[in-house]
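Residue numbers for the sequence shown follow this note's numbering, beginning at 1005 and rising by one. Each residue gets a CB set at the ideal place from its N, CA and C atoms; glycine is no exception. These numbers come from a predicted model, not from an experiment.
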Amino acid sequence: MIRTVTLDDAAQLAALYNFYIRTSVVTFEEVEIGSEEMANRIQRIHFIAGFPYIVYEIENQIVGYAYANTWRERNAYRFTVESTVYVASGQFGKGIGSALYSELIAQVKQKGYRAVIGGIALPNYASVILHEQFGFKRCGVFKNVGFKFDQWIDVGSVSYTHLRAHETEAD
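Now the structure itself:
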């Protein structure tokens, strides 16, 4: 079941996310976060800023989550969001990420955004394929911009601009 996040989800989301902090470079955070910090992030992103924030739940256990957030602070970027999706360890290949992205894109479109940007720590074949499956296009690679686990990490950028909100004569 996919549903909107609640503050009560913070502990499960922190545990899911902390796995990635500890074991991978898909997030550049290096210090695990607690449920209070995750609740603050949920509050700021969803309840204050109003961005879509959803969870995928199986038998009361959150096995994935996705949200949109500010791409850049400048007003000219107000029709563009950055997307994030995480799937719990052991739940890969079950369509959870795809289901979350499908719903997230629908909600982003409904809110009137025009473009979605994603950043992918490379190499990450599964994430690249997930984004391309939804029509994201590769935009480029930022070489050696992250440093975690004693290694330099490239970040690929992808964009999805088929939302068609806020048309202008230039379109």
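Next item on the list: Go ahead and label Q1114 buried or exposed: buried means 16 or more other beta carbons lie within 10 angstroms of its beta carbon, across all protein chains shown.
Entry: exposed
Next item on the list: Assign R1118 to one of two classes, buried (16 or more other C-beta atoms within 10 Å of its C-beta) or exposed (fewer than that).
Entry: buried
Next item on the list: Rank Y1081, S1087, W1075, E1061 by C-alpha distance to the C-alpha of Q1095 and give the top, closest one.
Entry: E1061
Notebook entry, point to check: Would you call P1177 buried or exposed, if buried means 16 or more other Cβ atoms sit within 10 Å of its Cβ?
Noted result: The chain is shown from 1005 up to 1175; residue 1177 falls before or after that span and cannot be answered.
Notebook entry, point to check: Just how far apart, CA to CA, sit C1143 and L1017?
Noted result: 29 Å
Notebook entry, point to check: From I1058 to A1103, what distance separates their C-alpha atoms?
Noted result: 11 Å
Checklist line | Three-state secondary structure (DSSP) of V1132 | finding: helix
Note to self: What would DSSP say about I1037, mapped onto helix, strand or coil?
What the structure shows: coil
Next item on the list: Given a cut-off of 8 Å, decide if S1163 and F1146 are closer than it, judged by their beta-carbon atoms.
Entry: no
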